[in-house]
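Participant: Chains as they are written, first to last, in our numbering: chain A, 17 to 349; chain B, 17 to 349; chain C, 3 to 381; chain D, 3 to 381.
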């Protein structure tokens, strides 16, 4: 029994952190957000690193690693708040790998793994239906109104751009997906659960970053003659952030491990991870804003990117309330 | 417009405080609780002061004052955590005055006002049905299983003593009140609403006392070389107690005023007061326990009396959850 | 205790209600800030002509000399009529009262009438990037010069700076004096090249506030309010006026938002969701507690001049309630509550600053602990 | 990352499971504390005979030398089997490990075996009425005397004091040294007239703890653990053992309480109440986070000897979860949850101390802020 990343997994995470620290500073996020587009150069490099296919089976053109490895990448992309169409492509890959026919796998997975093709994914299946990473997407994975999974060409779907508060990703509204593309068998749902884990890992990264920003600020900023981090009103708030972040970390990596090693536990583990990550990432970013005071509320400050993405992510693929209802079902309340 | 006690009302409250400070110290509360009985000497004096009949019409042998005056007495009795059968008698008086026939009024109200007769009241009408101040009670007011109000002789009802955590009051379990005594018309319900206000005022007093104890302790107790009240972990906790207590005060006295002057608003005002007082009194006493640390958890410490009565009061005549549901109904959610 | 209105209070309320019904300027034009501001300036002229500007100011200075209760009633009627705010809010609520309390005769003569008529807009230059909650640590310096002072420094979180003629400005006139001393209260003429105003954009995308950069900006001696070096106590007065004046408006604003939320719940058909019902009940209880607390403060202030313990809670309650209300609204809206152009989304983001602006909740808790509960200060 | 058991871990677990199945002593007798304690003493002898006492102790001292993971597995099996706690918990979890880490050969020879066999029960005398969270401010004084020390003072929150032969006692041997120095770690023989034990009743009505009054109680020199004046660091070790040893049990205990709560919900038929479902889901998420956090700590400690940032959270999480769980249970029980003889009522009241005992939540937050996050200390 060993609840820690292996050396290889740690290496993947460290490399991702280093790469994104140099290639995707929050200034770069700001540029992309202001331009209302992705950082295409960054995305190209990420594809060259093979991240989109990290959890895709080798037979399907991927690296054949597991959800734990994917989670480390998602966490780091969240930490960087990277403006790249990663999540949509990964979700398509996870869902098609879980439930796609041989033909569908052959058609999409290798191209998604290299980034040659981008994927969008419908993440909210109630009015309005919302897809992420719609900009430049070729393939879309979605449920229909009966909850049946479907996959098809983005060009066959009418997608209206949605202007949400999070400007680091593209969103689109979809009117109806009934009859769209091809049907996926129920097995695809394991891919949806994995998608929840990937998204939760991203939120973990957002929260970790917001916490670090708060702690750094609390160490530096002085008021009434001492650093504000010396006041319990601030230091205990930061301690509560750590509580939220570390609980999220435990639940996210546990769910990732379940996906790989104990798939029968994944439905519960994914629901817990998603509920926790949605709740915690919002509470941590908004608490970080309070520590920052007025400056954190300005457009010039980078906290806004984490804040807005955390709020948005929390509504995708199940709200905390929905996921907790699922947890209650699964534990037999 | 004047949201403050009148001079007369302030006088009543001050006199009650002074009287109880000398006649009902927490040591006296402990003695009664240990003996498992009321402080009969104190009760006799309280009856001589005319408190049980303070809000009973003069024509019915009372002092003919209003709910605001009664609320000040209830608050002070709560502040003292007085072990007397006041609440049951007052509730019976309020309900009979609101809905009793001439005969019922004549039979009970004057005797309840002087304390010659004591009243018990059923405060929880779901399994188990719970009456308060059952010890030595002659008259009982209760709903039956159809929600119809009833009044009758205690001797006609089978009351089994209930051993609850609060030892400052007697409680009894009642199996069924169907067919008990005489039916009361729907008008009696205004008396039930007033009873909620009276009980809420008692909880306000409990919370006020628990807050004062916490603040006093935080000023005196030193840890790491300074009074613990100088740490924000403690001082902000105390500030939050004040927030809870003062909101409760506003809502309780508003409800009392509505009962006297604007009865059409009483259903909403009473539900708000009861929900708030139940929630706030518990949060303040338990927060006070945290400030006191280990010592507050000992049997020797007086905080336990406030803690246990607040927890119990919060479950009587509507839980916070039930009362909030009522508020939602009344505001039209 | 009596919450009913006296005859004269009721008469005042009826008069205000009637006046709003007859003089309401119609819907405020949105989209162009300039146009909107001029609309509000013209609306303030209407208020002034009707005798409603400077409600609390003594009649001798052009005000109405209204009691605190009358002010509250007026605010309630303004809310009920959905009338716009006057253009010169800070002048009316802070500037005028401070000049009346601390200004000399010449200043009263010079400044008061143009505040009422909205001819001259006022703004406030207290906060600085470094000072935050620790306002007295401000660094903007004033150096004595011929017939006045030259002021250099930076101010932040200033509303209406780009429209304002006058800025209530705190600057340090004595570098060697203890922190709270050596501060002087100036009235700075914004029409000079040495004053640069830059909009300060917020996470909501709008620029509600400004930064002010001062590079040897000149203020003549006669534009000092109070004594040189006594600016801190003058500022405290200003902030008290601010809290009282804006507090009353806050209750009215929250009440209206609650009504809108009720409508939203009906539209979205979520009124049977127990958690929505529970949260709405808690909000209602909080709103009522805040409204009643304001009434208690009013009573205590009128009776004794000293507000009760509940007075320190209003700003704190407001932040709690507005954040929770907008949180609930955006949750009900689902993805619509994430849309940039949705009004509730704006309010939700905007409300995140409520626990920071005008006294952080942390500072308010300190105040309650130290001044109301008498707990020892942590210094 | 691999949460499955290795073959040898699985074998260990199976062995423990099997042993519990065969040796479970039956239900613990309730009502008479003496009888209950002797039952647990006899149960500990059974554990000792089976080779399960002193699980973490090295084999050379009569222990089993089990790894941290094996200890966890053992605790889980003990929980699953609903087996009672051994009588000498503090001796096994703290006393023995401290003697092994800091004691001399003679002390190891003298004390360890009677701990394992429960012949000699141990208790802990650290806390004092005045010292609270500020443990190092303790006032109990030891004065040098012939061949030993005479100790005078008062200790509080001592479990098992009336059953104990030995007390791990901290006393000040140098009044002039700085606070954390001048403290010495004694092993006090409780069998002397100078030691008075009084039960300390709690708000639950039971006397789980004791007060100890010392009036020139004698401790010979050879009963000092570590050096004179070095008691603080020895105590810190003890507390670390306490936290690790009791932490593992806490996870198991909460998990079982959650199962009972599920049953209660079914019995009372409130499983369809959305707020009950929501709270149960939150509890489940919190319990899992705590369980997984303990596994992370285990892994980190085994790999590096240093637990990760999540290790400081276990005690804090436990208090939060146990208070919420018992709160929910008593709410579901309605008036039954106010009855003195209801088990959940007892647990509810008892849980109020969880955020105080063994490190208040406030102190734990300080530790997280300072040691994990590196924020400046407030001193």
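Using N, Cα and C, we set each Cβ at its ideal position, and we do this for glycine too.
Ends of the beta strand (DSSP E) at residue 168(B)?
Facilitator: Taking the first residue of the second chain as position 1, residue 168(B) is located at position 152. 165–169 is the span of the beta strand (DSSP E), which, as asked, contains residue 168(B).
Participant: Could you check whether residue 317(C) and residue 249(C) sit closer than 8 Å to each other, using their CB atoms as the reference points?
Facilitator: Here residue 249(C) refers to the residue found at position 247 when the third chain is read from its first residue. Here residue 317(C) refers to the residue found at position 315 when the third chain is read from its first residue. With contacts defined as CB atoms closer than 8 Å, residue 249(C) and residue 317(C) qualify as a contacting pair.
Participant: Would you say residue 380(C) lies against chain B (beta-carbon separation less than 8 Å)?
Facilitator: By 1-based counting over the third chain, the position of residue 380(C) is 378. Using a CB distance cut-off of 8 Å, residue 380(C) counts as an interface residue toward chain B.
Participant: Can you tell me whether residue 266(B) is buried or exposed? The criterion is at least 16 other CB atoms within 10 Å of its CB, across all chains shown.
Facilitator: The sequence position of residue 266(B) within the second chain is 250, counting from 1. Buried, since its Cβ has 16 or more Cβ neighbours within 10 Å.
Participant: Thinking residue 152(C) and residue 218(C) are a contact (beta carbons under 8 Å), I'd like their distance in whole angstroms, please.
Facilitator: In the third chain, residue 152(C) corresponds to position 150, counting from 1. In the third chain, residue 218(C) corresponds to position 216, counting from 1. Yes, they are in contact, since the Cβ atoms of residue 152(C) and residue 218(C) sit about 4 Å apart, within 8 Å.
Participant: Out of 226(D), 86(D), 194(D), 23(D), which one is the CA nearest neighbour of residue 254(D)?
Facilitator: By 1-based counting over the fourth chain, the position of residue 254(D) is 252. Comparing Cα-Cα distances from residue 254(D) to each of 226(D), 86(D), 194(D), 23(D), the minimum goes to 86(D).
Participant: Just to confirm the assignment: which complete alpha helix (DSSP H) runs, minimum length 4, are found wholly within the region 119–152 of chain B?
Facilitator: none
Participant: Any chance you could list the alpha helix (DSSP H) runs of at least 4 consecutive residues sitting entirely within the region 79–125 of chain B, in chain order?
Facilitator: 83–96, 102–115
Participant: Would residue 277(D) count as contacting chain C if we go by Cβ distances under 8 Å?
Facilitator: Numbered from 1 along the fourth chain, position 275 holds the residue referred to as residue 277(D). At least one chain C Cβ lies under 8 Å of residue 277(D).
Participant: By how many angstroms is the C-alpha of residue 144(C) removed from the C-alpha of residue 36(C)?
Facilitator: The sequence position of residue 36(C) within the third chain is 34, counting from 1. The sequence position of residue 144(C) within the third chain is 142, counting from 1. C-alpha separation (whole angstroms): 32 Å.
Participant: So residue 318(C) contacts chain B; which residues on that side make the cut at Cβ distance below 8 Å?
Facilitator: Here residue 318(C) corresponds to residue number 316 of the third chain, with the count starting at 1. Ordered by position in chain B, the residues that pass the 8 Å Cβ test against residue 318(C) are 259.
Participant: Chain D partners of residue 266(A), CB-CB under 9 Å?
Facilitator: For this step, residue 266(A) is matched to residue 250 along the first chain. In chain order: 290, 291, 292, 293, 294, 295, 297, 298, 312.
Participant: Is residue 205(B) helix, strand or coil when you go by DSSP?
Facilitator: Counting from one through the second chain, the residue named residue 205(B) turns up at place 189. Three-state DSSP puts residue 205(B) in a helix.
Participant: Does the beta carbon of residue 94(C) come closer than 8 Å to any beta carbon on chain B?
Facilitator: Start at 1 with the first residue of the third chain, and residue 94(C) comes out as number 92. So, not an interface residue.
Participant: Would you call the CB atoms of residue 214(A) and residue 90(A) closer than 8 Å?
Facilitator: Counting from 1 along the first chain, the entry for residue 214(A) is found at position 198. Counting from 1 along the first chain, the entry for residue 90(A) is found at position 74. Yes. Within cutoff.
Participant: Would you say residue 374(D) reaches chain A, if we count a Cβ-Cβ gap shorter than 8 Å as a contact?
Facilitator: Locating residue 374(D) in the fourth chain gives position 372, where the first residue counts as 1. Yes, residue 374(D) lies at the interface with chain A (some Cβ there is under 8 Å from its Cβ).
Participant: I think residue 319(B) touches residue 312(B), with their Cβ atoms under 8 Å apart; what is that distance to the nearest whole Å?
Facilitator: Position 303 of the second chain, counted from the start, is the residue given in the question as residue 319(B). Position 296 of the second chain, counted from the start, is the residue given in the question as residue 312(B). Correct: roughly 5 Å between the Cβ atoms.
Participant: Excluding the five sequence neighbours on either side, which residues of its own chain have a C-beta within less than 7 Å of the C-beta of residue 118(C), listed in chain order?
Facilitator: Mapped onto the third chain, residue 118(C) falls at position 116. If we look at residue 118(C) and ignore the five residues flanking it on each side, its Cβ neighbours are 50, 55, 56, 64.
Participant: Go to residue 212(D), then tell me how far its beta strand (DSSP E) extends in each direction, as first and last residue.
Facilitator: The residue you call residue 212(D) lines up with position 210 of the fourth chain. First-last of the beta strand (DSSP E) with residue 212(D): 211–222.
Participant: Just reading off the beta strand (DSSP E) that residue 185(D) is part of, what are its end residues?
Facilitator: In the fourth chain, counting from the first residue as 1, residue 185(D) sits at position 183. Unbroken beta strand (DSSP E) run through residue 185(D): 185–191.
Participant: Is there a Cβ of chain A sitting closer than 8 Å to that of residue 152(D), yes or no?
Facilitator: The count along the fourth chain starts at 1 and reaches residue 152(D) at position 150. Chain A, which has no Cβ nearer than 8 Å to the Cβ of residue 152(D), makes this no.
Participant: When DSSP labels each residue in this structure, what does residue 47(B) get in the three-state scheme?
Facilitator: On the second chain, residue 47(B) is found 31 positions in, with the first residue counted as 1. Of the three classes helix, strand and coil, the one that applies to residue 47(B) here is helix, per DSSP.
Participant: Whole angstroms are fine: how far does the CA of residue 248(B) sit from the CA of residue 32(D)?
Facilitator: The residue labelled residue 32(D) in the question sits at position 30 within the fourth chain. The residue labelled residue 248(B) in the question sits at position 232 within the second chain. Answer to the nearest angstrom: the Cα atoms are 43 Å apart.
Participant: Tell me, please, whether the CB atom of residue 234(C) is closer than 8 Å to any CB atom in chain A?
Facilitator: In the third chain, residue 234(C) corresponds to position 232, counting from 1. Interface criterion not met: the Cβ of residue 234(C) is under 8 Å from no Cβ in chain A.
Participant: Following the continuous beta strand (DSSP E) through residue 173(D), name the residue where it begins and the one where it ends.
Facilitator: Taking the first residue of the fourth chain as position 1, residue 173(D) is located at position 171. Counting along the chain, the beta strand (DSSP E) containing residue 173(D) begins and ends at 168–174.
Participant: For residue 33(A), return the contacting residues in chain D, with the cut-off set at a CB-CB distance below 8 Å.
Facilitator: To locate residue 33(A), count along the first chain from 1; it is residue 17. Neighbours of residue 33(A) on chain D: none; closest Cβ ~17 Å, over 8 Å.
Participant: For the region 311–326 of chain A, list every residue whose C-beta sits within 9 Å of some C-beta in chain C, in sequence order.
Facilitator: Taking 9 Å as the Cβ-Cβ cut-off, the region 311–326 of chain A approaches chain C at 311, 312, 313, 314, 315, 316, 317, 319, 320, 323, 324, given in chain order.
Participant: From residue 301(D) to residue 273(A), what distance separates their C-alpha atoms?
Facilitator: Walking along the fourth chain from the start, residue 301(D) turns up at place 299. Walking along the first chain from the start, residue 273(A) turns up at place 257. Rounded to whole angstroms, residue 301(D) to residue 273(A) spans 15 Å at the Cα level.
Participant: Which residues mark the beginning and the end of the alpha helix (DSSP H) in which residue 248(A) is found?
Facilitator: Counting from one through the first chain, the residue named residue 248(A) turns up at place 232. Here the alpha helix (DSSP H) through residue 248(A) covers 248–277.
Participant: Can you confirm whether the region 123–141 of chain D touches the region 165–177 of chain D when touching is taken to mean that 3 or more C-beta pairs between the two stretches lie within less than 8 Å?
Facilitator: yes
Participant: Among residues of its own chain, excluding the 5 on either side of residue 110(B), which ones have a beta-carbon nearer than 6 Å to its beta-carbon?
Facilitator: Here residue 110(B) corresponds to residue number 94 of the second chain, with the count starting at 1. These residues qualify, in order along the chain: 207, 210, 211.
Participant: Output, in chain order, the set of chain A residues within a Cβ distance shorter than 7 Å of residue 252(B).
Facilitator: Counting from one through the second chain, the residue named residue 252(B) turns up at place 236. Simply 249.
Participant: If residue 236(A) sits next to residue 185(A), beta carbons under 8 Å apart, how far is it from one beta carbon to the other, in whole angstroms?
Facilitator: As a working note, residue 236(A) is residue 220 in the first chain. As a working note, residue 185(A) is residue 169 in the first chain. With 8 Å as the limit, residue 236(A) and residue 185(A) do not qualify as a contact, their Cβ atoms being about 31 Å apart.
Participant: Leaving out five residues before and five after residue 333(B) in sequence, what residues of the same chain have Cβ atoms less than 7 Å from its Cβ?
Facilitator: Taking the first residue of the second chain as position 1, residue 333(B) is located at position 317. Here the set comprises 139, 211, 212, 215, 290.
Participant: Taking the alpha-carbon of residue 335(B) as reference, which of 300(B), 286(B), 75(B) has the nearest alpha-carbon?
Facilitator: Residue numbering aside, residue 335(B) sits at position 319 when the second chain is read from its first letter. Minimum Cα distance to residue 335(B) is reached at 286(B).
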